[in-house]
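Residue numbers for the sequence shown follow my numbering, beginning at 228 and rising by one. Beta carbons: idealized from backbone N, C-alpha and C, even for Gly. Only a predicted model underlies this, so the values are computations on that prediction, with no experimental measurement involved. Report on the structure given below.
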Amino acid sequence: MKEEDSILKVKGVGEKIQKKYEKLGIYTVGDLLEHYPRNYDVYQPICSIRELVEGEVCAIEGVLDGTPKLHKVRNLQILNCNVTDGTATVKVTWFNMQFLMRSLHTGIRYIFRGKVSVKNGRLVMEQPEILSKEQFYNLLDKLQPIYPLTAGLTNKSVSKSIAAALKEIDLNGDYLPLDIRKKYDLIERKKALKAIHFPDNKEKMIDARRRIVFDEFFLFALALQQLKAKNETRQNKYVLAECAECQQLLESLPYKLTGAQMRAWEEVKKDVSGNRVMNRLIQGDVGSGKTIIAVLALLLNAKNGHQGAIMVPTEVLAKQHMESFCELLEPYGVKVELLIGSMTAKEKRVVYKKLKDHEVDIVIGTHALIQEKVEYDDLAMVITDEQHRFGVKQRENFAGKGEDVHILVMSATPIPRTLAIILYGDLDLSIIDELPGERLPIKNCVVNTGYRPSAYRFIEKQIKEGRQAYVICPMVEESESIEAENVMDYTEQLRANLPLKTNIEYLHGKMKAKEKNNIMERFAAGEIQVLVSTTVVEVGINVPNATVMMIENCERFGLAQLHQLRGRVGRGKYQSYCIFMTGHESKETKERMDIMGKTNDGFVIAEKDLKLRGPGDLFGIRQSGLLEFKMADVFQDASILKDAYEAAEEISKAEVLDMYKKYEGLQKKIKMYTSDLSL
Ligand code: ADP
Ligand code: MG
228 MKEEDSILKV
238 KGVGEKIQKK
248 YEKLGIYTVG
258 DLLEHYPRNY
268 DVYQPICSIR
278 ELVEGEVCAI
288 EGVLDGTPKL
298 HKVRNLQILN
308 CNVTDGTATV
318 KVTWFNMQFL
328 MRSLHTGIRY
338 IFRGKVSVKN
348 GRLVMEQPEI
358 LSKEQFYNLL
368 DKLQPIYPLT
378 AGLTNKSVSK
388 SIAAALKEID
398 LNGDYLPLDI
408 RKKYDLIERK
418 KALKAIHFPD
428 NKEKMIDARR
438 RIVFDEFFLF
448 ALALQQLKAK
458 NETRQNKYVL
468 AECAECQQLL
478 ESLPYKLTGA
488 QMRAWEEVKK
498 DVSGNRVMNR
508 LIQGDVGSGK
518 TIIAVLALLL
528 NAKNGHQGAI
538 MVPTEVLAKQ
548 HMESFCELLE
558 PYGVKVELLI
568 GSMTAKEKRV
578 VYKKLKDHEV
588 DIVIGTHALI
598 QEKVEYDDLA
608 MVITDEQHRF
618 GVKQRENFAG
628 KGEDVHILVM
638 SATPIPRTLA
648 IILYGDLDLS
658 IIDELPGERL
668 PIKNCVVNTG
678 YRPSAYRFIE
688 KQIKEGRQAY
698 VICPMVEESE
708 SIEAENVMDY
718 TEQLRANLPL
728 KTNIEYLHGK
738 MKAKEKNNIM
748 ERFAAGEIQV
758 LVSTTVVEVG
768 INVPNATVMM
778 IENCERFGLA
788 QLHQLRGRVG
798 RGKYQSYCIF
808 MTGHESKETK
818 ERMDIMGKTN
828 DGFVIAEKDL
838 KLRGPGDLFG
848 IRQSGLLEFK
858 MADVFQDASI
868 LKDAYEAAEE
878 ISKAEVLDMY
888 KKYEGLQKKI
898 KMYTSDLSL
């Protein structure tokens with residue numbers, strides 16, 4: 228069996244199961260083997276009921292105290308019984324497992340293993356497994372893989388399929404040259420694949436993980452090299468000469484560009500007037516003022532007679548850009564149009580025609596811009612904003628709308644410069660590391676829910692002064708399994724707690740684009756005072772009059788994400804505030820929130836977060852969704868990234884060809900690295 232073979236070849240996988248795997252993006256045996264555990268479960272020794280601790284998964288051994296009782300709540304069958312081991316008694320609960328009634332008998336010793344939580348002030352073990360002594364002692368101290376699943380696939384069945392595939396697979400030797408494996412102390416690929424799924428112990432798992440992470444980075448680095456080599460051959464077909472209008476625009480702004488903005492702008496100008504096509508990334512923290520650079524670049528491009536386009540990840544942001552571009556560019560006779568998914572087919576057709584007939588100089592849009600029907604007369608520049616929300620592939624498709632067009636990408640992901648140079652290896656880098664001058668640093672506070680009433684009074688006061696506020700909740704609506712604030716109920720609660728005349732609305736990703744746009748527009752216009760939202764507001768929204776960001780259940784978000792959210796305020800001349808509301812308190816939450824409370828610097832946060840998690844915490848909260856490798860995490864595995872990058876620099880062309888020979892699927896895989904990952 229080969230990696231390229233269909234998973235149907237795996238023992239036990241029929242067409243029905245195949246369909247389920249497809250949902251997880253698993254088509255081939257290789258895909259299945261790369262369906263890595265998201266964590267491991269370690270079976271710890273049995274503990275006495277008296278010692279049970281809330282929040283932990285524990286195993287207990289005991290007998291039933293009384294008979295199990297079944298009752299129905301809504302459509303849920305709840306089975307309860309008490310278990311005692313002589314030290315104490317604990318309630319055990321199963322949901323929709325009424326069939327267990329028949330197999331639970333008094334007088335017999337069972338081992339139950341499950342998560343312990345507190346309900347109505349009492350400890351409960353929920354949904355535990357029931358194990359025989361033999362089963363339990365076979366599993367004790369072992370690392371059991373926990374896989375990402377989908378409906379219809381159980382952890383057991385995935386684990387079985389993977390074990391079957393590992394048994395039959397022919398991995399054809401190791402494609403990574405021996406000298407590299409030696410130099411970086413990497414185990415064989417085959418061994419790594421076995422050990423990542425079924426490690427004998429933690430050390431073996433760590434070695435396996437290291438090899439897999441190395442491979443991901445290494446292939447990624449090779450992919451970037453190829454992109455870069457391709458770019459370097461691209462001659463500049465659109466040499467753009469300086470224009471008076473850009474200078475006029477700069478002089479008309481109500482502010483002066485910061486030194487860092489100025490540098491970035493100079494670098495852009497130098498690129499587009501040089502011999503090679505521009506391929507530049509502007510990296511700058513939220514609020515550092517990247518948009519104006521895009522406006523200037525597109526104005527320069529238009530005044531040189533060419534068309535340009537800017538793509539953003541959300542419609543809300545597209546509309547916002549549309550407004551500010553139109554306002555800024557109005558005096559210069561530049562024609563700007565919007566192209567977004569929620570427009571009618573007819574409206575879109577009008578824009579398509581205008582683009583083709585060169586009646587538009589600048590188009591602002593979402594993914595709608597990379598649709599097949601979009602054709603230009605003379606496209607010379609494409610810009611992607613919030614690049615970390617797009618894949619490299621989308622960036623390429625976007626650029627593919629023209630021929631050797633200038634490419635500018637903008638990102639707010641705060642990563643240390645050393646990493647950025649590697650990760651954006653195919654691009655030249657401008658960094659805006661300076662926030663516009665008169666900004667007051669955001670004031671932060673980390674509080675628990677007991678502080679809510681005061682927080683509401685505070686928001687009320689800010690509204691009275693004419694300001695606006697955001698409240699972020701992790702969920703859209705109420706959920707049975709997750710206890711966290713949700714946008715729908717919260718909006719009601721807030722309406723009851725703030726003066727009647729306050730206009731409070733909500734926003735979440737499940738709403739129709741039209742509704743979302745409408746809400747965002749009204750918020751931007753100041754008609755809505757408080758916006759209760761999920762993280763959809765995270766990306767790029769700019770409402771300078773908003774001064775309060777309150778984040779409920781902040782422990783549920785990654786630090787990078789919290790930083791992005793906080794970046795929605797502190798964008799104007801007013802003092803802004805960020806309230807981190809913790810839903811539950813643990814040492815970890817406290818440490819993480821301490822970081823947020825103490826600094827507003829994205830780079831510092833990224834680095835501290837990394838240190839805090841440490842190399843032992845292999846499966847911690849992931850960063851902002853940046854570069855979703857299957858296994859690797861660019862922050863946590865930064866040192867492996869550096870090794871892999873170095874190895875990719877040193878490898879010879881002949882060795883690369885040899886690798887391709889050894890592993891048929893490799894070229895395809897390398898291509899995938901530049902298409903599926905978002906940077
Ligand atoms: P981001 O880098 O997050 O995209 P924006 O481009 O949205 O930031 O800029 C945030 C706000 O700062 C905008 O209201 C913009 O007009 C303003 N701004 C940009 N540059 C400056 C500057 N040099 N001085 C003062 N305000 C600025
Ligand atoms: Mg922006």
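Q | Start and end residues, alpha helix (DSSP H) containing residue 686 | A | Looking up residue 686 in the sequence shown gives position 459. Start and end: 679 to 691.
Q. Grouping DSSP H, G and I as helix and E and B as strand, with all else coil, what is residue 795?
A. As a working mapping, residue 795 is identified with position 568 in the sequence shown. In the structure shown, residue 795 sits in coil (DSSP, three-state: anything other than H, G, I, E or B).
Q | Residue interval of the beta strand (DSSP E) (run including residue 511) | A | Within the sequence shown, residue 511 is the residue found at index 284, counting from 1. Start and end: 506 to 511.
Q.
If you follow the beta strand (DSSP E) that residue 700 is in, where does it begin and where does it stop?
A. In the sequence shown, the residue the question calls residue 700 occupies position 473. First-last for residue 700: undefined, no H or E at that position.
Q. According to DSSP, is residue 732 helix, strand or coil?
A. In the sequence shown, residue 732 corresponds to position 505, counting from 1. DSSP places residue 732 in strand when its eight states are reduced to three.
Q: Report buried or exposed for residue 609, applying the criterion of at least 16 other Cβ atoms within 10 angstroms of its Cβ.
A: Numbered from its first residue, the sequence shown carries residue 609 at position 382. Counting Cβ neighbours within 10 Å, residue 609 comes out buried, since at least 16 surround it.
Q | N-terminal and C-terminal residue of the beta strand (DSSP E) that residue 197 is part of | A | With the chain covering only 228 through 906, there is no way to say anything about residue 197.
Q: Could you tell me which residues DSSP pairs with residue 342 in its beta bridges?
A: Stepping through the sequence shown from its first residue, residue 342 is reached at position 115. Paired residues: 284, 353.
Q) Beta-carbon separation of residue 281 and residue 350 under 9 Å? A) Residue 281 sits at position 54 when you count from the first residue of the sequence shown. Residue 350 sits at position 123 when you count from the first residue of the sequence shown. Yes, Cβ-Cβ distance for residue 281 and residue 350 is below 9 Å.
Q: Could you check the C-alpha separation between residue 595 and residue 461 for me, to the nearest Å?
A: Locating residue 595 in the sequence shown gives position 368, where the first residue counts as 1. Locating residue 461 in the sequence shown gives position 234, where the first residue counts as 1. Roughly 27 Å separates the two Cα atoms.
Q.
Can you tell me whether residue 316 sits near the ligand ADP, meaning its C-beta is under 8 Å from at least one heavy atom of the ligand?
A. Taking the sequence shown and counting its residues from 1, one reaches residue 316 at position 89. Not so, every heavy atom of the ligand ADP lies at least 8 Å from the Cβ.
**Q.** Among 722, 871, 331, 623, the one whose alpha carbon lies nearest that of residue 687
**A.** For this step, residue 687 is matched to residue 460 along the sequence shown. The shortest C-alpha separation from residue 687 is found at 722.
Q: Would you decide whether residue 628 is buried or exposed? Buried here means 16 or more other CB atoms lie within 10 Å of its CB.
A: Position 401 of the sequence shown holds residue 628. Classification of residue 628: buried, given that the 10 Å Cβ count is 16 or more.
Q.
According to DSSP, is residue 503 part of a helix, a strand, or is it coil?
A. The residue you call residue 503 lines up with position 276 of the sequence shown. Here residue 503 sits in strand by DSSP.
Q | Span of the beta strand (DSSP E), counted from its first residue to its last, around residue 305 | A | Here the question's residue 305 lines up with position 78 in the sequence shown. Run containing residue 305: 303 to 311, per the beta strand (DSSP E) assignment.
Q: Tell me whether residue 846 sits in a helix, a strand or coil according to DSSP, three-state version.
A: One-based indexing of the sequence shown puts residue 846 at position 619. Any reading at residue 846 must be qualified, since the residue scores a pLDDT of 44, below 50, and its modelled position is unreliable; no value is offered.
Q. Between residue 571 and residue 824, what straight-line distance do the alpha-carbon atoms span, to the nearest angstrom?
A. Here residue 571 corresponds to residue number 344 of the sequence shown, with the count starting at 1. Here residue 824 corresponds to residue number 597 of the sequence shown, with the count starting at 1. In a straight line, the C-alpha of residue 571 is about 45 Å away from that of residue 824.
Q) Do residue 506 and residue 634 have their C-beta atoms closer together than 9 Å? A) For the purposes of this step, residue 506 is taken as residue 279 along the sequence shown, with counting starting at 1. For the purposes of this step, residue 634 is taken as residue 407 along the sequence shown, with counting starting at 1. In this structure, residue 634 lies closer than 9 Å to residue 506 by Cβ.
(Q) On the CB-based measure, 16 or more other CB atoms within 10 Å of its CB, does residue 241 come out buried or exposed? (A) As a working mapping, residue 241 is identified with position 14 in the sequence shown. Burial call: exposed.
Q: Figure out for me which residue from 335, 531, 540 has the closest Cα to the Cα of residue 560.
A: As a position in the sequence shown, residue 560 is number 333, starting the count at 1. Selected option, being the one with the closest Cα: 531.
Q | Euclidean distance between Cα positions of residue 551 and residue 753 | A | Looking up residue 551 in the sequence shown gives position 324. Looking up residue 753 in the sequence shown gives position 526. Approximately 16 Å between the Cα atoms of the pair.
(Q) For the ligand ADP, I want to know if residue 745 counts as a neighbour, meaning its beta carbon is within less than 8 Å of at least one of the ligand's heavy atoms. (A) The count along the sequence shown starts at 1 and reaches residue 745 at position 518. Answer for residue 745: no, Cβ out of range of the ligand ADP.
**Q.** Length at least 3, wholly inside the stretch 599 to 681: the beta strand (DSSP E) runs in chain order
**A.** 606 to 611, 633 to 638, 655 to 659, 670 to 675
Q) Which residues in the same chain have their Cβ closer than 7 Å to the Cβ of residue 421, if we skip the five residues on either side of it in sequence? A) On the sequence shown, position 194 is the one that residue 421 refers to. These residues qualify, in order along the chain: 393.
**Q.** Between the CA atoms of residue 228 and residue 885 - distance to the nearest angstrom
**A.** On the sequence shown, residue 885 is found 658 positions in, with the first residue counted as 1. On the sequence shown, residue 228 is found 1 positions in, with the first residue counted as 1. Their Cα atoms are separated by approximately 22 Å.
**Q.** Local conformation of residue 388 per DSSP, three classes
**A.** The residue you call residue 388 lines up with position 161 of the sequence shown. Three-state result, residue 388: helix.
(Q) Quick test of your reading: residue 625 and residue 538, contact by CB under 8 Å. State the CB separation rounded to the nearest angstrom. (A) Here residue 625 refers to the residue found at position 398 of the sequence shown. Here residue 538 refers to the residue found at position 311 of the sequence shown. Contact holds; Cβ gap of about 6 Å.
**Q.** residue 291 in three-state terms, based on DSSP
**A.** As a working note, residue 291 is residue 64 in the sequence shown. Here residue 291 sits in strand by DSSP.
(Q) Please state whether the Cβ-Cβ distance between residue 456 and residue 874 is less than 9 Å. (A) Here the question's residue 456 lines up with position 229 in the sequence shown. Here the question's residue 874 lines up with position 647 in the sequence shown. No, Cβ-Cβ distance for residue 456 and residue 874 is not below 9 Å.
(Q) So, with DSSP's three-state summary, where would you put residue 851? (A) On the sequence shown, residue 851 is found 624 positions in, with the first residue counted as 1. Summary for residue 851: the model assigns pLDDT 36, below 50, so the residue's position carries little reliability, and this model does not support an answer.
Q | Integer-rounded CB distance, given that residue 488 should sit under 8 Å from residue 647 | A | As a first step, residue 647 must be located in the sequence shown, where it is residue number 420. As a first step, residue 488 must be located in the sequence shown, where it is residue number 261. The pair is not a contact, with the Cβ atoms about 18 Å apart (cut-off 8 Å).
(Q) Determine whether the beta carbon atoms of residue 270 and residue 376 lie at a separation below 9 Å. (A) The residue you call residue 270 lines up with position 43 of the sequence shown. The residue you call residue 376 lines up with position 149 of the sequence shown. Going by C-beta atoms, residue 270 is not nearer than 9 Å to residue 376.
Q: Could you check the C-alpha separation between residue 300 and residue 749 for me, to the nearest Å?
A: Numbered from its first residue, the sequence shown carries residue 300 at position 73. Numbered from its first residue, the sequence shown carries residue 749 at position 522. Taking the straight line joining both Cα atoms gives about 42 Å.
Q: Kindly indicate which three-state DSSP category residue 756 falls into: helix, strand or coil?
A: Position 529 of the sequence shown holds residue 756. DSSP places residue 756 in coil when its eight states are reduced to three.
Q: Tell me whether residue 794 is buried or exposed, calling it buried when 16 or more other Cβ atoms sit within 10 Å of its Cβ.
A: Reading the sequence shown from its first residue, position 567 is the one you call residue 794. It counts as buried.
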